[in-house]
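Quick notes on the structure that follows.
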Amino acid sequence: MKVQNAMFQAGPQVEHSPNYYITDHFMYSDFLCPCCDMLKIVPAFYRHVSLLEQMREKVGVPIIITSGYRCKHHNDLVGGSPRSWHLLFATDINTENDDKDKLKILCEAAVNLGFGGIGQYETHIHLDLRPEPLRWRR
Ligand SMILES: [Zn+2]
Ligand SMILES: [Zn+2]
C-alpha cells in the first residue's frame, strides 16, 4: 500500500498497514485504488470513514465498499468523470446480495449523517464530502 498523505505533506512518514482497522468495520485496504494500491489521505478521509462507521452501526447491515480512492488511470478505466471525487476521496457502497431495500435505507442514513455528494444508482450509492451538498439519481 502506498499512501500519499495530502494532509501532512511536510510531516513524518506514517506507516500504515493495509489491514489496519481505522474503525470497528473498515480497514485501509477497503479504500485503496485496485490497480496501484494507492490511497490519498485527504483532509476529509477520516471523517468520511467515521461517517461510514456510524452508518454501519445505525443501519446494522454490512457495507461493501465497491470503489474508494482512484488514481487517474483507474478512473479513466472505469469511465469515471475527469473531475470525479474519487480522485480525491469518495466511496461507492453496496449491501450484501444487492439488497435494494437496504440500499435505500443506507441512502437515507447518508442524508441524515451529512454526506455532501450522494448519488443513488441502481447498483450502488456514491458518497463524498463536497462542501456544497448535491444529490442525484441515475
Ligand atoms: Zn490506481
Ligand atoms: Zn462514486
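Anchor point for the sequence shown: position 120 equals 121 in the working numbering, and the numbering is continuous, going up by one each time. Cβ coordinates follow ideal geometry from the N, Cα and C atoms, glycine included.
Distance CB(residue i)-CB(residue j) smaller than 9 Å
| i | j | result |
| --- | --- | --- |
| GLY115 | ARG139 | no |
| HIS127 | GLY118 | yes |
| HIS87 | CYS36 | no |
| PHE27 | VAL60 | no |
Extent of the continuous beta strand (DSSP E) to which residue i belongs
| i | result |
| --- | --- |
| MET28 | Segment: none, MET28 is in no beta strand (DSSP E) and carries neither H nor E. |
| HIS74 | No beta strand (DSSP E) holds HIS74; the alpha helix (DSSP H) holding it covers 73 to 78. |
| LEU40 | 39 to 41 |
| HIS49 | Careful: HIS49 lies outside any beta strand (DSSP E), inside the alpha helix (DSSP H) at 46 to 60. |
Reference residue i; option with closest CA among the options
| i | options | result |
| --- | --- | --- |
| VAL4 | THR24, HIS26, CYS108 and PHE46 | PHE46 |
| PHE32 | GLY117, TRP137, LEU104 and ILE66 | ILE66 |
| GLN55 | ASN113, ASP129 and TYR122 | ASN113 |
| TYR122 | ASP93, LEU135, THR24 and PRO132 | ASP93 |
| CYS108 | LEU40, THR24, TYR29 and ILE64 | ILE64 |
| THR96 | ARG131, GLY81 and LEU53 | LEU53 |
| ASP77 | CYS34, ASP25 and ARG136 | CYS34 |
| ARG48 | GLY81, LEU40, GLU58 and THR24 | THR24 |
| ARG57 | LYS41, PRO19 and ALA110 | ALA110 |
| ARG84 | ARG131, ARG136, PRO19 and ASP38 | ARG131 |
Delimiting residues of the alpha helix (DSSP H) encompassing residue i
| i | result |
| --- | --- |
| ARG136 | No alpha helix (DSSP H) contains ARG136, which is instead part of the beta strand (DSSP E) from 135 to 138. |
| ASP102 | 101 to 114 |
Close beta carbons around residue i, own chain, < 8 Å, minus the five adjacent residues each side
| i | result |
| --- | --- |
| ASP100 | VAL62 |
| VAL79 | SER68 and ARG71 |
Cβ-based neighbour list, residue i, same chain, cut-off 6 Å, excluding 5 preceding and 5 following
| i | result |
| --- | --- |
| LEU89 | VAL43 |
7 Å Cβ shell around residue i - same chain, five flanking residues per side excluded
| i | result |
| --- | --- |
| HIS17 | MET2, VAL4 and TYR29 |
| GLY170 | This structure cannot speak to residue 170, because the chain is shown only from 2 to 139. |
Legend entry - Heavy atoms of ligand 2 versus C-beta positions, residues under 6 Å: SER68, HIS87, ALA91, ASP93 and HIS127
Legend entry - Residues proximal to ligand 1 by C-beta, any heavy atom closer than 5 Å: CYS34, CYS36, CYS37, CYS72 and HIS75
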